[in-house]
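Here the structure is laid out as C-alpha cells; the discussion comes afterwards.
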Amino acid sequence: MARHDDGVITVGRSRIGTFFANTTGIVFGLVMIFPVYWVLNTAFKPDSEVRSFTPTFFPNDFTLDNFKSALGEELFIPSMINGLIITAMAVAAALVVGFLAALAIARFSFYGRKAIILVILAVQLVPFLALLIPLFLMLQGANLTNSLVGVALVYLVLLLPYTVWTLRGFISGIPRELDEAAMIDGCTRAQVFWRIILPLTGPGLVATSVYGFIQAWNEFIIINTLNNPQKQNLMAWLLYNQTERGTAWGPLMAGAIITSIPVVVFFLIIQRNIATGLTAGAVKG
Amino acid sequence: MHAVDSRPNPAEAPQAPPPRHVARVRNRSQRDSRVAWLLSLPTLAILVAMLAYPLYRMIVLSFQNMRLKELFSGKTPPWAGVDQYTKALTDSVFWGVVGRTAAFTVVSVTLSVLAGLGIALLMRRVHAKVRLFMMIAMMFVWALPQLVAAQSFRWLTDSDFGVLNYVLTELGFDYATHSWFVNPWEGWAVITTLVVWAGIPFLAISLSAGLTQVPKELLEAATVDGASAWQALRNITLPILKPLLMIVTTLSVIWNFGLFTQNWALRDGHPEPVYQTLATFSYTQAFGRSNYSYGSAISVITVLLMLGVMVFYIRQMFKIGEVD
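Note that the protein sequences, when read in sequence, are chains A and B. Residue numbers for the first sequence follow our numbering, beginning at 1 and rising by one. Residue numbers for the second sequence follow our numbering, beginning at 1001 and rising by one.
Shown next as C-alpha cells:
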C-alpha cells in the first residue's frame, strides 16, 4: 500500500492523478486569492495606472498616495474613531453581561437553565435585519439615533448570544474540582469567582472579544441606517464613499485595506475557535 | 455569529452532594437558583428589550400603516388590518422578489456546498505544501469583510477598467467596456460568484475537518475489496459526513436567503428591481420609501419563510440542549 511521506493514503492512485490533483489545488488557491491580490495591487498604483485600459498585474510605479488620500478624506479618521468607540463599548458590555449569564449556565444547576440555553441558541437565528425597522423606530423614539451609544446598544444584542455561549464553553472547561477544593479551603463563591474562574477564563475572554470586535467592526447596514454621515464607522464609510464619489478606485481599495487589516489579523489568530464554534454541534448531535 | 459550540462538560456530573444534610442542601440549592437567575437577568433583560420587544413591534407594525407623518409626530399609526399582507401577496413584484431570492438561494447553496465538498476532498489528495497554500488562500478570503469583498468584485467587474473585461478581451471575446449588470443573468452570475467564492472557505474547511473523522481503515478496506473511489465516497464518506453536511448546508441556506450586502454593494446601494432580494426589498420599502409597515410585513413573511429551514437547525439545538 503506497503512502506519501505525509501519510496520505494513495492506494490505487496514479502519479498522473496526483499531479492533476496538485495542479488543480494550486489553480484553485490562485483563483481564490486573486481578488484579494487585486485589491492590494490596485491600492499601490498611481491613479493613472489604475485608470488604464490595460491593467498592470504588478504596480509599475509603486506609490502610497492612495493611502494618503484615503486617510486625508474628511470623514475617514472620524469614522475610524467612531468605529473603535462603538466596538469597544459593545464588546465590553457584551463581555460583562455575557460572562454573568455564562457563569450561571456553566456552574449552577437550576430550574430554567435548559430554557435559557435554548433561548441563547435560538436568538442567534433571528434575522437581525428584519428587526431593523422596529429598532430604528425605538431608538428614534428614545433620541438614540445619530448617536454612538444607540448603535453600540444594537451591536451589544448582536454579540451577546455568541458571547454567552462561547464563554460558557470556556468556563465549563475549568474543572469543577478546583471550585470545590477552594470552597473546602474556605473560599466563598465570590472568592472562587475572582480567584479561580475569572483568571482561568482569560484566554476565553480574549478569543470572545476578538470575535466580537470582528462582528461589530464589519457591520455597516445598521449604523448606516441609524446615523448620519458624521457618525459612521469605517465600514459604512467604505459604502458611503462609494456612492458619493463613484470611481476613485485607488483610495477606495486603500481604504478597504486599512479597514480590513485588523479584521484579517484577528481572524487569523482565532480562526480555530470560529471553525469549531460553527460546526461543533453537528459532531455531537 | 451562529455558534453551536458545545464542549464536553465532564465536571457537570456531581451535582447533588450525599443525601445527608438534606435541609441544608435544599437551602443551598434554592439560594443557588436565585443567584443563577440573578446572573442571567441582565442578559435576559437585554434580549427581551432589544429582540423580543422589537419582534413584537414589528408584528404590530405590519398590521398598521406607518408613514413619515407618524414617525415625526410620534402618533400611533392607523390600523390597517391585513392590508399590508394583501398588498404584498397580490403584488407580482413581491412574488418576483420571493422567487428570485429562492432561486438564488438554491443555486448559490448548491454550488457552494458542492464546491466546498470537492475542495475538501481535493485537499486530502494533494501534497502537504499545496494543501497549506490552499488553506492560506481560503483563510484570507474568509477573513475578508463582506463589504470589502463586494467592493473588490465591483472593481474586478468595472466596465471600463475592470480586469475581468480586460482578460476576456485578451482571450478573444469582445468585452471592452462591457457592463456586467445590464443583463440581469450576467449580474446575478457576478453576485453568485461572489457569494460562492466567499462561502467556499467556511464550507471547505469545516468539511475537510469532518473528513478527518472518516476512519482510514474503512476506506482502505473498501478499496482492497474492490470498491471504486466513487463507491467509497458514496457509501462510506458521505454517510459519515452527513450530519456536518446538513448543518453547513442549513447555515448556508439561512445566510444566502438573507442576501443583502452583496447585491446592495454591487448595485451602489440602489439595487434595480431585478436585483432586489427579500432583505433589500423590505429595507428599501421601509427606509427608502418610508413605508415602514409594508417593510415590516415583508420582514414577517421573510421570517416565516425562513422558519421552514430553521426547523432543522433548531431541532439540532434541542439535541445540544438536552445533552447539556
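A virtual CB, placed ideally from N, CA and C, is assigned to each residue, including glycine. The structure presented is a predicted model; accordingly, all values stated were derived computationally and were not measured.
Worksheet item: Between the beta-carbon of Phe1153/B and the beta-carbon of Leu1266/B, is there less than 8 Å?
Response: In contact: Phe1153/B and Leu1266/B (Cβ atoms closer than 8 Å).
Worksheet item: Which chain A residues sit within Cβ distance under 9 Å of Arg1057/B?
Response: Listed by position along chain A, the residues whose Cβ is nearer than 9 Å to that of Arg1057/B are Leu131, Ile133, Pro134, Leu135, Leu137 and Met138.
Worksheet item: Just curious, the alpha helix (DSSP H) that Ala207/A is in, first and last residue?
Response: The continuous alpha helix (DSSP H) containing Ala207/A extends over residues Gly202 to Asn218.
Discussion item. Considering only the alpha carbon of each residue, which of Asn1027/B, Val1167/B, Leu1171/B and Leu1207/B lies closest to Thr1237/B?
Written reply: Nearest option by C-alpha distance: Leu1207/B.
Worksheet item: Is the segment 121–137 of chain A in contact with the segment 1291–1310 of chain B, if contact means three or more CB pairs nearer than 8 Å?
Response: The answer is yes - the segment 1291–1310 of chain B touches the segment 121–137 of chain A, with three or more Cβ pairs under 8 Å.
Discussion item. If I measure Cβ to Cβ from Gly1258/B and keep anything under 6 Å in the same chain, skipping five residues before and after, which residues do I get?
Written reply: Taken in chain order, the residues that qualify are Ala1279.
Worksheet item: If you draw a straight line from the C-alpha of Val154/A to the C-alpha of Met1050/B, how long is it?
Response: Between the alpha carbons of Val154/A and Met1050/B lies a distance of about 7 Å.
Worksheet item: Which of the three DSSP states, helix, strand or coil, is assigned to Gln1064/B?
Response: Shown here, Gln1064/B sits in a strand according to DSSP, grouped into three states.
Worksheet item: Is there contact here, the segment 207–217 of chain A with the segment 57–72 of chain A, by at least three beta-carbon pairs under 8 Å?
Response: As far as the Cβ criterion goes, the segment 207–217 of chain A does not touch the segment 57–72 of chain A, which means the pair count is below three.
Worksheet item: What's the gap between the Cα of Ser1033/B and the Cα of Leu178/A?
Response: Approximately 21 Å, taken between the alpha carbons.
Practice prompt. Quick one: grab the DSSP three-state call for Trp1180/B.
Written response: Coil, per DSSP.
Worksheet item: How would you call Thr201/A, buried or exposed, if buried means at least 16 neighbouring beta carbons within 10 angstroms?
Response: Thr201/A comes out buried.
Discussion item. For Val1004/B and Trp165/A, what's the separation of their Cα atoms in angstroms?
Written reply: Residue placement at Val1004/B cannot be trusted, given a pLDDT of 43 that sits under 50; what the coordinates show is reported in the next sentence. Between Val1004/B and Trp165/A, the C-alpha separation is close to 8 Å.
Worksheet item: Should Ile1119/B and Phe28/A be called a contact, given that it needs their Cβ atoms to be closer than 8 Å?
Response: The criterion of a C-beta distance shorter than 8 Å is satisfied by Ile1119/B and Phe28/A.
Discussion item. List, in chain order, every chain B residue whose beta-carbon is nearer than 7 Å to that of Arg296/A.
Written reply: Because chain A here runs from 1 to 285, residue 296/A falls outside it and cannot be looked at.
Fill in: Distance, Ser52/A Cα to Gln1316/B Cα
So the two alpha carbons sit approximately 53 Å from each other.
Item to complete: Take Leu234/A as the anchor and find which of Ala181/A, Ile86/A and Ser14/A has the nearest alpha-carbon.
Response: Selection Ala181/A, Ile86/A and Ser14/A evaluated against Leu234/A yields Ile86/A as nearest (Cα-Cα).
Fill in: Beta-ladder partner(s) of Trp1079/B, from DSSP
Its beta-bridge partners are Gln1064/B.
Worksheet item: What residues of chain A sit near Ile1119/B, judged by a beta carbon separation below 8 Å?
Response: Those within 8 Å of Ile1119/B in chain A are Phe28.
Worksheet item: What is the rounded straight-line gap between the Cα of Val1048/B and the Cα of Leu1122/B?
Response: Whole-angstrom Cα-Cα distance: 46 Å.
Discussion item. So, with DSSP's three-state summary, where would you put Thr1284/B?
Written reply: Look at Thr1284/B here: in three-state DSSP terms it is helix.
Item to complete: Answer yes or no: does any C-beta atom of chain C fall closer than 8 Å to that of Leu75/A?
Response: In the structure shown, chain C does not exist; the protein chains are A and B.
Item to complete: Please name the residue, chosen from Thr1043/B, Gln1084/B and Val1126/B, that lies closest to Ser14/A on a Cα-to-Cα basis.
Response: When only C-alpha atoms are compared, the closest one is Val1126/B.
Worksheet entry | Nearest to Ser79/A (by Cα), restricted to the options Trp237/A, Asn241/A and Leu252/A | Looking at the Cα atoms, Trp237/A is the closest of the given residues.
Discussion item. By the three-class DSSP mapping on this structure, what secondary structure does Pro1054/B have?
Written reply: Assigned with DSSP and collapsed to three states, Pro1054/B falls in helix.
Worksheet item: Who are the neighbours of Ser287/A on chain B, taking C-beta pairs under 7 Å?
Response: Outside the shown range of chain A (1 to 285) lies residue 287/A, about which nothing can therefore be said.
Fill in: chain B residues whose Cβ lies nearer than 7 Å to that of Leu64/A
In chain B, no part has a C-beta under 7 Å from the C-beta of Leu64/A; the shortest such distance is about 19 Å.
Item to complete: With a 10 Å radius around its C-beta and 16 neighbouring C-beta atoms as the bar for buried, classify Leu1307/B as buried or exposed.
Response: Looking at its Cβ environment, which holds fewer than 16 other Cβ atoms inside 10 Å, Leu1307/B is exposed.
Item to complete: Just confirm the distance between the C-beta atoms of Gln1262/B and Ala1150/B, as a whole number of angstroms; I'd bet it's less than 8 Å.
Response: Confirmed, about 5 Å.
Discussion item. Tell me which residue opens and which closes the alpha helix (DSSP H) that Glu1257/B is part of.
Written reply: The residue asked about is misnamed: residue 1257/B is Phe in this sequence, not Glu. Its alpha helix (DSSP H) spans residues Leu1238 to Phe1257.
Discussion item. Measuring CB atoms only, is the segment 214–227 of chain A touching the segment 166–186 of chain A, in the sense that at least three cross pairs come out at less than 8 Å?
Written reply: Taking 8 Å as the limit for Cβ pairs, the verdict is that the segment 166–186 of chain A does not touch the segment 214–227 of chain A.
Fill in: Rounded Cβ spacing between Met253/A and Ala43/A (contact assumed at less than 8 Å)
4 Å between Cβ atoms; contact.
Worksheet entry | First and last residue of the uninterrupted alpha helix (DSSP H) at Lys1216/B | It spans Lys1216 to Val1224 - the alpha helix (DSSP H) in which Lys1216/B sits, taken as one unbroken run.
Practice prompt. Could you confirm whether any beta carbon from chain A is found closer than 8 Å to the beta carbon of Asp1032/B?
Written response: With 8 Å as the cut-off, Asp1032/B counts as an interface residue toward chain A.
Worksheet entry | Proximity below 8 Å, CB of Leu1203/B to CB of Val1248/B | Yes, the Cβ-Cβ distance between Leu1203/B and Val1248/B is below 8 Å.
Worksheet item: Looking at the structure shown, is Tyr1175/B part of a helix, part of a strand, or coil, going by DSSP?
Response: Note: Tyr1175/B maps to coil in three-state DSSP.
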